[in-house]
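Chains as they are written, first to last, in our numbering: chain A, 1 to 87; chain B, 1001 to 1426; chain C, 2001 to 2954; chain D, 3001 to 3235. See below for the structure under consideration.
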């Protein structure tokens, strides 16, 4: 069981979290073409290696957070945006 | 890889009870099931992925279309990916008419496969039982059963008493949490020896002239002028008119080499096997609600599977929580198995699409075809996929049976409705 | 106990306690501390099982948990390791897989035809005719190897208890031999909390049968473990796996209260110290009872005081073989011959079928004996190391695969035999140094975790990372490479796979180690390669004329030891949710309905009567599971505008509005009503199954897309008991229990909300809404008072015919009214238009979830529609899921909801139809489940009862 | 509270004998066991949301992960209030039974009393919700309490990681639960706070998990018992 470094709760078992995957920027809903919008819905990079992903601490603080995870080894690090948030 | 040409001898002899007897008496060695070849500078068709899909494609190209200038490349050994890691369940009781027709054709090919390939793939028609624990799942099963029946597939909703009769070890008493309200029963479903399917196709494809190159990894795909020109491999560059991506777990990585993006995310799918016990489970039992499916092999082991892991990953290490969840769900259904021991767990990689249906056929790059996105149900589609992809390659047209599985459906927003039946419905 | 020796200095049996147990129906004696196998062997039993394929008799090989020849059935427990499991008084032990008896096994006839059954023979025959295969399958099944699981009817839950436990040791030491014990002691001395896990019944590893030289060292090490603070010892326990971030699973056996316990450890450091596993030797007849490993001899003699045979031949390639020879001589076994493999000695064949009669040596000599002992090398059980990322490499000098500790992550260390050899002092020194490093690294991890965790008191100073002083390297002794004699023999004892089978597999093209294993099933059996994996690779290497290094590495998949499903499952923990009214439902014979985690009343015996009560008088339903979210803040309207299809900017205080949510792909996600209770206070309701999803959906928008919006969401689903009072006389009833709210229709109209006191309970929320299509009030009562209010309503409404109705009646009522249920009348592809919700989609709003998809759907007309159907024959109720058949024979849609309407006395049906069929008045054909066809007409709207809504607004 | 106030019921059925304390039906059972589990649901439970670094956070004086027992202005009657830092920008105030309305008002007025105007556009958004009826609360007390919780909870509850005065939310028996370390006279004690409808489930799960450790149900203590030992009011 991986530990997810929750920036608020500290390291916790991955089972406490919901995996939300690679964040995709949301196109302008009034201007997006079908290709752009469906790219946002369906296309992800599916990287084999380190990537950024979003998790939700469902059983804990109920905050969304970002982590860097290597998808080949499941090594997890806090995302740079959270580093230094809490000391 | 160093070419090892020492086995270029006679083509494999026919297998039969008689030949077994003859070899037994004479002590004569069996010929190799397939041969090693030098890599040619070019092939008409290069198939990436030596699993059941790739090998079946090579076989049907030769058998149905007389195209034998074909190479199947695998970065490891034959059937080392999803083909060797699945739980070998066959069924055709899907939810959409497209799905039902497609998988029914696959089951039909599977039934005749042993004779067709002269290799006993040990298809065991055990029947397939999908349990309903709620009104909602019973309703979906009725829906599936009715679609199946209209497509001529043997499938029906049965009650708890029938479940009990088919599987006496299932607890159908009035338990509060996951009562058994009924099940979708699909008598033609069953299990097969997955490795044998791979080996049978490999042997037959080799026999008909295709080249199988194991331990040959594709490192690049050459595309120019909008069409594919060949592949680069750890065993040299190979020109090709047609390149087929028949990989699982690496589908997006291979497609990226050709500049094709796929709506696919890779998730591990875990499975496990117990120690053998005397046969008691004659039917494949599935509970979608409890995310578990179980069958007993002829060797007496119980083989378990589940839904894919809760997060995307290329790691096949497996997890403890998978076995914990599995065990608790199995015991919800069959409490008296508590002292049975889990022996081994493993994981394979599944390429999940947004609509739980595969992606098959041409791409924007001419000559670069895909047979990917197989999620958790690729093995059962092996024969029909090979047959359809072979036709697609040979005729240059997408066969009707896979016409709804095209890559362009996502950009059009026209997803297929298989999610309800495919998510955990093994 | 004819083979029981006189008292041995290190024996573990207690001769003061004699037990009896049965073996295949016969009673046998045992001492406390005996394993099943040692007790039987002491009584002269030599055959414990029959082999898988050829049903050859099998005796003791390793006399340990791994012994493949000693799987037995104990009571209703299959596949018990008889060479490990301790005898308990009255235990009923049976051999497995034998018919008619262990001594005479009919299936042993397979031995005679073995030459016709080469590896993979079943792939080569029975291809056809197809109808014969099932018959052969049944025959194959008879050969399934293993014990029997109990029938459900005879299964006693109380006899099968399992549990789990979480632990958080600083250092977990896997293996309680000398190095492991030393590591544990040193780690504890450095301040670490330690969990020391030992597979055997006592600490000590190979020192337990080490004799005079090591006895005092063992005593001292055990003493240090016992007195060290902070060490918890688990014996008869095995580390099963090491997973991500040092999540380590341990199975603990032999406990008094539970059959097995799964211990889940988050170890800050893991020290792997499993020692070495002795490897069998492959030669003709190597599975005949009486052939055993040197460690088996020493276990039998030293631990259990059992004489393994009378006349022995020993093949020794190492000091342990020599020590076994010494042990045999010491207890009076006639050692007829010692063949020294270090000087080229070899044995090639054992004569005998059910017992060893003689052995043929490498030089052709034949020596009569009843015991053949081999000491030909070791396998390093690198399982945990490979799970941690190490790739073992073959070391020809040591004749075993070894893992390079440098490949391990910082939180995994290894010591003892799995790393190298050495004297006892060297092993202990290495263990101690490793334990210290482990403790230091664990302390650093602990400080890091505590610093990141808000519960712990903050650290005073900065984190100090302590430099490691790596343990000294252990020497690795040379060992001759011995895998197979010049004859073929059994490689995988559990699977009955011989070296000849592997050679055949390679010759047939299955050259990869993985393919050859799969083709022959070598390493797939209960021992999972722990004894045979190196021999398998060596034999494949030999057959392919490759080196062992080229051929591959050893693969070890978790779990390291088999573990019961019961322990993995732990005690049953499936959260259930109960309404505050559940006790009333139970007391009033409600038929329970499982809905997600909720238990709900489906009906109280007469759903049609319940429907009529609502249509004609007044009924009450417990709708507590409806999701409720308290929304507070100035930006709530922006949030509502974003997640709902319709407009929310101008909802006045005191008003309620219906809304539908879609996901970003336009597919309907949930529906419900939301009320504005105050200036910036709203109460949202969701479907009961969608409550958690909607809450997370809102949080996701707020936290990831609009963190600047000022909205707080508090889930309050079960803060209230929710009671829907429905029916033409509901106002009359509610008036009797509510004093402080003006219920006059003008003062409190449809789709409005009020707060007030109900049956003396303050702070209740009252809504006027109507899923049932009737005048109705939904009362949200502080949950602790729910039962009081429910009973007060029933008491007050007796003369109005008030009665409780269940979920089934509610479904009928809403279907009569044509109200859809998300997830039943919609599916995973239904965008808003397909659910008849076009009218709610406000495309003039700049943004809302799913907007582009719904805009595009709006531009095309050919999407499926939800319609009402009226069957031509009013008595026909097509089952939900029935298919609508189009003219071309294809599928044109399906029935999503259907019931017989007690109100209309005819069936009411909702269906999702292809656009071409979905016009009011068009006739469609429904395929009934029995194969017949019926016709139905598409109705003008979805509502069949009160389509104008007069009742609702009354 | 007058006589007409109806009796409230917790989600957890009271172990007999059933008695009424502060208008709640509770168990009157008395246990002398070393490890006890008590339904403490009658306590006032008020949730607070605000900026984690804002003025209200300052006024409450408790950060996420820790608790503070206050007898000051939070409750005008002067009984203890345990303020729990239950999440980032989330607090849970636990007070004596029946005090929820007063507590809610006090908390809502906290910033006003510090001279802030709640309606001002610049004011920090503060949400105070009475969850007394919406949650179940139980207390597990005894030297083996952490060991029992270790059967059902994966978080490290040893003293170094979770000393007295700690608060965290995690899964207990598979259920999202606030675990609040709040020792009694030096004896380990934990308050467990979960969503109401699963209260009985959590209570039963803990009893089942604690069989081997001898866990026993103790009733909700009456005010008259206050002199003899610490009571639930002191929680």
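Ideal placement from N, C-alpha and C gives every residue a C-beta, glycine not left out. In this text the structure is predicted, and so the values were computed from the model without any measurement.
Pairing residue 2766 (chain C) with residue 2866 (chain C), the inter-Cα distance amounts to about 31 Å. Within the model, the alpha-carbon separation for residue 2104 (chain C) versus residue 2352 (chain C) is close to 16 Å. For residue 2622 (chain C), the secondary structure class from DSSP, reduced to helix, strand or coil, is strand. Around the CB of residue 3008 (chain D), 16 or more other CB atoms lie within 10 Å, so the residue is classed as buried.
Contact note: residue 34 (chain A) reaches chain B through 1411 and 1413, using a C-beta cutoff of 7 Å and chain order. By DSSP's assignment, residue 2201 (chain C) forms no beta bridge with any residue. A Cβ of chain D is located within less than 9 Å of the beta carbon of residue 2580 (chain C). Of the candidates C:2497, C:2530, C:2182 and C:2298, the residue whose Cα lies closest to the Cα of residue 2540 (chain C) is C:2497. Between the stretch 2536-2553 of chain C and the stretch 2580-2592 of chain C, the count of C-beta pairs closer than 8 Å stays below three; the two stretches do not touch. The criterion of a C-beta distance shorter than 9 Å is not satisfied by residue 1053 (chain B) and residue 1313 (chain B). By the criterion of a C-beta distance shorter than 8 Å, residue 2512 (chain C) is surrounded in its chain by 2552, once the five residues flanking it on both sides are discounted.
Between the stretch 2831-2839 of chain C and the stretch 2894-2904 of chain C there are fewer than three inter-stretch CB-CB distances shorter than 8 Å, so the stretches are not counted as touching. For residue 2643 (chain C), the enclosing alpha helix (DSSP H) stretches over residues 2636-2643. For residue 2231 (chain C), DSSP records a beta bridge to C:2194. By the beta-carbon neighbour count (other beta carbons within 10 angstroms, threshold 16), residue 2650 (chain C) is exposed. Exclusion of the five residues before and after residue 3131 (chain D) leaves 3045, 3046 and 3047 as the residues of its chain whose Cβ lies within less than 7 Å of its Cβ.
In this structure, the CA atom of residue 2816 (chain C) is about 15 Å from the CA atom of residue 2824 (chain C). Judged by DSSP in its simplified three-state form, residue 1291 (chain B) adopts coil rather than helix or strand. Contact between the stretch 2160-2178 of chain C and the stretch 2247-2264 of chain C is established, with three or more Cβ pairs separated by less than 8 Å. Across the set B:1297, B:1271 and B:1400, the C-alpha of B:1297 shows the shortest separation from the C-alpha of residue 1283 (chain B). Taking a Cβ-Cβ cut-off of 7 Å, the neighbours of residue 11 (chain A) in chain C comprise 2449 and 2452, given in sequence order.
Minimum Cα-Cα distance from residue 3043 (chain D) among the listed residues D:3026, D:3095 and D:3011 corresponds to D:3095.
With its beta carbon less than 9 Å from one in chain C, residue 1345 (chain B) belongs to the interface.
Straight-line spacing of the CA atoms in residue 1330 (chain B) and residue 1177 (chain B) works out to 14 Å.
Interface annotation, residue 74 (chain A): in contact with chain C, CB-CB separation under 9 Å. Contact annotation: in the stretch 2828-2852 of chain C, residues whose CB is within less than 7 Å of a CB in chain A are 2846, 2847, 2851 and 2852. Taking the Cα of residue 2494 (chain C) as reference, the smallest distance to any Cα among C:2144, C:2002, C:2120 and C:2859 is reached at C:2144.
Close to residue 3201 (chain D), with beta-carbon spacing below 7 Å, are these residues of chain C in chain order: 2575 and 2576. Against residue 1404 (chain B), chain A offers no close residue; the least beta-carbon distance is about 16 Å (beta-carbon pairs closer than 9 Å).
Counting along the chain, the unbroken alpha helix (DSSP H) around residue 1064 (chain B) starts and ends at 1052-1065. Taking every protein chain shown into account, the CB of residue 2535 (chain C) has 16 or more other CB atoms within 10 angstroms, so this residue is buried. Rounded to the nearest whole angstrom, the C-alpha separation of residue 2661 (chain C) and residue 2844 (chain C) is 16 Å.
Counting every other CB atom within 10 Å of its CB across the protein chains shown gives residue 2933 (chain C) a total below 16, marking it as exposed.
A distance below 7 Å between beta-carbons, with the five flanking residues on each side excluded, links residue 2147 (chain C) to the following residues of its chain, in chain order: 2073, 2078, 2079 and 2096.
A distance below 9 Å separates the beta carbons of residue 2246 (chain C) and residue 2270 (chain C). Of C:2861, C:2393, C:2927 and C:2803, the smallest CA-CA separation from residue 2893 (chain C) is found for C:2927.
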